[in-house]
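Protein chains in written order, with my numbering: chain A, 516 to 704; chain B, 516 to 704; chain C, 516 to 704; chain D, 516 to 704. One structure below.
Number of protein chains: 4
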Amino acid sequence: MRQSGKARSEAFSDGVIAVAITLLVLDLHVYVDGHGSLARQLRDQWPTYAAYVVTFFVIGVIWVNHHSLMMLVDNVDRTLLFYNLLLLLAVTTMPFATSVLADYLRVGGADARLAVTLYGAVSELMAIAFTLMLHRMIHAGLIIFPVDRTQSRRALQRFGLGLAVYPVITVIGLWSPPVMLGLYALQTA
Amino acid sequence: MRQSGKARSEAFSDGVIAVAITLLVLDLHVYVDGHGSLARQLRDQWPTYAAYVVTFFVIGVIWVNHHSLMMLVDNVDRTLLFYNLLLLLAVTTMPFATSVLADYLRVGGADARLAVTLYGAVSELMAIAFTLMLHRMIHAGLIIFPVDRTQSRRALQRFGLGLAVYPVITVIGLWSPPVMLGLYALQTA
Amino acid sequence: MRQSGKARSEAFSDGVIAVAITLLVLDLHVYVDGHGSLARQLRDQWPTYAAYVVTFFVIGVIWVNHHSLMMLVDNVDRTLLFYNLLLLLAVTTMPFATSVLADYLRVGGADARLAVTLYGAVSELMAIAFTLMLHRMIHAGLIIFPVDRTQSRRALQRFGLGLAVYPVITVIGLWSPPVMLGLYALQTA
Amino acid sequence: MRQSGKARSEAFSDGVIAVAITLLVLDLHVYVDGHGSLARQLRDQWPTYAAYVVTFFVIGVIWVNHHSLMMLVDNVDRTLLFYNLLLLLAVTTMPFATSVLADYLRVGGADARLAVTLYGAVSELMAIAFTLMLHRMIHAGLIIFPVDRTQSRRALQRFGLGLAVYPVITVIGLWSPPVMLGLYALQTA
Chain A
516 MRQSGKARSE AFSDGVIAVA ITLLVLDLHV YVDGHGSLAR QLRDQWPTYA
566 AYVVTFFVIG VIWVNHHSLM MLVDNVDRTL LFYNLLLLLA VTTMPFATSV
616 LADYLRVGGA DARLAVTLYG AVSELMAIAF TLMLHRMIHA GLIIFPVDRT
666 QSRRALQRFG LGLAVYPVIT VIGLWSPPVM LGLYALQTA
Chain B
516 MRQSGKARSE AFSDGVIAVA ITLLVLDLHV YVDGHGSLAR QLRDQWPTYA
566 AYVVTFFVIG VIWVNHHSLM MLVDNVDRTL LFYNLLLLLA VTTMPFATSV
616 LADYLRVGGA DARLAVTLYG AVSELMAIAF TLMLHRMIHA GLIIFPVDRT
666 QSRRALQRFG LGLAVYPVIT VIGLWSPPVM LGLYALQTA
Chain C
516 MRQSGKARSE AFSDGVIAVA ITLLVLDLHV YVDGHGSLAR QLRDQWPTYA
566 AYVVTFFVIG VIWVNHHSLM MLVDNVDRTL LFYNLLLLLA VTTMPFATSV
616 LADYLRVGGA DARLAVTLYG AVSELMAIAF TLMLHRMIHA GLIIFPVDRT
666 QSRRALQRFG LGLAVYPVIT VIGLWSPPVM LGLYALQTA
Chain D
516 MRQSGKARSE AFSDGVIAVA ITLLVLDLHV YVDGHGSLAR QLRDQWPTYA
566 AYVVTFFVIG VIWVNHHSLM MLVDNVDRTL LFYNLLLLLA VTTMPFATSV
616 LADYLRVGGA DARLAVTLYG AVSELMAIAF TLMLHRMIHA GLIIFPVDRT
666 QSRRALQRFG LGLAVYPVIT VIGLWSPPVM LGLYALQTA
């Protein structure tokens, strides 16, 4: 019964993350008429392609981390499922935040800064949800016993770091969105 | 063989629910040109964001309840699969009902009341399908034996309650859609 | 290793069918401006809603049948995987065929008959792919032994029937699309 | 624990591939008004339907190959997961490359050649990612032992071949896109 709860949570989360990461592609499109040559459109839309690739790997790493986190889980309760839903809400919102970011990077100004902030806020929500999940796992005794000490502390540190990393990257993005995308790409490595 | 039937039903249902919950994001979009600043668009579209978050958790809780229900299942038959499809039909219709609700909340009047009723009707269909599933499980002997009495009665009560809750929330929504969204959010807690 | 091949084929097929059945909802949409009241739009779009519900159950039953078929499978080979892809191609094309059908039912005339034929052709491709799968399973010895005789013959009969049923329903649809939708709904029962 | 890492990687990859292959259908659409009869639209859009079917089987074969490759895997590490993400990035980009190809095949000229090159580049990225995955599996000792020699060499040869095949097909496509689509279809056989 236990395993089943954990296994289905993983399967559902995998499904949501897989759909969200694939929906990113819906933001890529070119127009045969009235928007210039294909070469020109592909060149002009570089922010869209950059945001697409970076967000793909951001969500991909979220999946890897979710996977690592769930390996520590022995059992799930309703609170953990709720925090997991919060994480999935942030993941499914990423295609929207990515689309807004790509659109307004080309525009610049106050709107571009707001788009950067939105993207950063959704990323931060993922980091917060992860930390809440780990916190719940430790305090409600949902962790597999022999691995809890070292692994859970290391995981907590990594997630605690994530909580600080996204706001810093976002502030940098207010000045230079391309540098921000580069930093997002770097932190997935 | 039995497990396989149950396991694949769970996997398919997880897939459909995961896609439906993620498709909600397709209702979020902003326009670079001709719709005012990004800040203004995000502010004006608050009903869309509120409906997005609330429906995300409504579907998320449906998944949690589906998961709890299937834990009681020992075996599936064609009737149970049919009721399960009915539930999934309601779940996949939620992104449409949510989009209509968000669009017409801003308009108000008779159309907004119709949108509220549509959203309530789809929610009620989910509650009805759940009750039919549980009813079938109990009467066709598809339930795991040692847990049937207390757990199934408790589950029936919860679902019976759901049957009454959605119409009540919907009637309230005819007067105040924002209060309705708040009540939907509350009942997922 | 064997189980793994079968299990992943089931998981992939479940995924494709789950996405296709959920994408049907993308054909439902209303317009706040310039298309009349919400009540009127919902009423005028009845073919879209009828096609949506009927196709949902058609694909749902395809999933149930796929599930029954795979229960007979002991092992998969590349030919069976190819026929399975053919089935999935037909399933993923259903949202397009459904959208075309709903759009042209309102128009009538030669285009409506072509839309009915397209819908029938995609349905027939599903029936053909199923029959090819079962044929391959029997002739390449991919079936679980103790169940092959009676179960495989019964399954072959059901699929052979399907091969004849869709063209008959389609011909009826050339005269009356609503009756056709009713017959599609009936055959899922 | 090991199995779990491998199993969830397979499940996530299955999910992404299943969504990507199903999203191809979103490129198919007809217009009731202002684009001529349905028959004419279906006839004029033949490149879209050809590209749809061919890409469906290209992605389908990618799934079959991914499945074969993962059968050799005993364990996954972060590098292998990264190469797997690279493969999935290419797969999710296929619906976009397919849409661009179909749109510009009708236009011809330099833009059509660029579209062919884009489609070839995304295909080549899939072949490269597969080769990187296999390389990592062999050199990091992630392969199931008794099968490594013959099976891994045969797999490497097949993927090495793929690395050469896509550029050759693409060069042919610069002269005749329809022949290219035929060759893509052939190599899935």
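From the three backbone atoms N, C-alpha and C, an ideal C-beta is built for every residue, glycine too. Keep in mind the model is a prediction, meaning the values are calculated, not measured.
Report back the beta-carbon spacing between A:A605 and A:L633 to the nearest angstrom; my notes put them in contact at under 8 Å.
Not a contact, Cβ separation roughly 12 Å.
Excluding the 5 residues preceding and the 5 following B:V569 in the sequence, name in chain order all residues of the same chain whose CB lies nearer than 6 Å to its CB.
L696, Y699, A700
Using 8 Å for Cβ pairs, my map puts B:V534 next to C:V531. What's the rounded Cβ distance?
Wrong, their Cβ atoms sit about 11 Å apart, outside the cutoff.
Helix, strand or coil: which one does DSSP assign to C:I659?
coil
Please compile the residues from chain D whose C-beta is within a distance smaller than 7 Å of the C-beta of C:V545.
By Cβ distance, chain D contributes nothing, its closest Cβ being about 16 Å from C:V545, past 7 Å.
Tell me, to the nearest whole angstrom, how far the beta carbon of C:P610 is from that of C:L543; I am working on the premise that it is less than 8 Å.
Actually they are not in contact, since the Cβ atoms of C:P610 and C:L543 sit about 11 Å apart, beyond 8 Å.
First through last residue of the alpha helix (DSSP H) which encompasses C:T703:
Neither: C:T703 is in no alpha helix (DSSP H) and is coded neither H nor E.
Assuming the contact rule is C-beta atoms closer than 8 Å, A:R651 and A:L595 should be a hit. Round their C-beta distance to whole Å, please.
5 Å
In whole angstroms, what separates the C-alpha of C:L678 from that of B:D589?
34 Å
Is the shortest distance between the beta-carbon of A:V579 and the beta-carbons of chain D less than 8 Å?
yes
If you draw a straight line from the C-alpha of B:E639 to the C-alpha of C:Q556, how long is it?
22 Å
Report yes or no: is there a C-beta of chain A within less than 8 Å of the C-beta of B:L601?
no
Proximal residues to A:D529 (C-beta, below 8 Å), its chain only, five neighbours per side dropped:
W578
Look at the alpha carbon of C:L620 and the alpha carbon of A:L620, and state the distance between them as a whole number of angstroms.
44 Å
Measure the CB-CB distance between D:F572 and D:T665 and report whether it falls below 8 Å.
no
Cutoff 6 Å; reference A:M585; Cβ partners in own chain excluding five residues on either side
E525
So, is the C-beta of B:I653 closer than 8 Å to a C-beta in chain A?
no
Interface partners of B:F611 on chain C, CB under 8 Å:
V540, L543, H544
Buried or exposed for D:L603, going by 16 or more other Cβ atoms inside 10 Å?
buried
Below 9 Å on C-beta distance, what does A:L553 contact in chain D?
V615, D618, Y619, V622, A625, D626, A627, L629, A630, L633
Measuring only between beta-carbons, confirm whether C:H582 sits less than 8 Å from chain B.
yes
Using DSSP with H/G/I as helix, E/B as strand and the rest coil, what is D:V579?
helix
Comparing alpha-carbon positions, which option in A:S552, A:H581, A:A565, A:L541 lies nearest D:R523?
A:H581
If distances are taken between C-alpha atoms only, which option among D:G520, D:M641, D:G688 comes closest to D:T607?
D:M641
Between the Cα of A:I643 and those of A:Y598, A:I658, A:R669, spot the shortest distance and give me the residue it belongs to.
A:Y598
Alpha-carbon spacing of C:M516 relative to B:G656, whole angstroms:
With a pLDDT of only 35 at C:M516, under the threshold of 50, the placement of this residue in the model should not be trusted; the figure read from the coordinates follows. Taking the straight line joining both Cα atoms gives about 34 Å.
Over the uninterrupted alpha helix (DSSP H) stretch that includes A:V588, give me the two end residues.
Here A:V588 belongs to no alpha helix (DSSP H), and DSSP marks it neither H nor E.
So, is the C-beta of B:F527 closer than 8 Å to a C-beta in chain C?
yes
Residue-level contact to chain B via CB, A:V686, 8 Å cutoff
no
Rounding to the nearest angstrom, what Cα-Cα distance links B:Y681 and B:I687 in this structure?
10 Å
According to DSSP, simplified to helix, strand and coil, what is A:H544?
coil
For a cutoff of 8 Å on Cβ pairs, would you count C:A533 as touching chain B?
yes
Report the neighbours of A:T537 on chain D: residues whose CB is nearer than 7 Å to its CB, in chain order.
V531, V534, A535, L538, T607
Using the beta-carbon of each residue, which ones in chain G are nearer than 7 Å to D:L596?
Absent here is chain G; the protein component of the structure consists of chains A, B, C and D.
For B:G677, return the contacting residues in chain A, with the cut-off set at a CB-CB distance below 7 Å.
The contacting residues do not exist; B:G677 stays about 16 Å from chain A at best.
On a Cα-Cα basis, can you pick out the residue from C:H654, C:W690, C:V694 that is closest to C:V591?
C:H654
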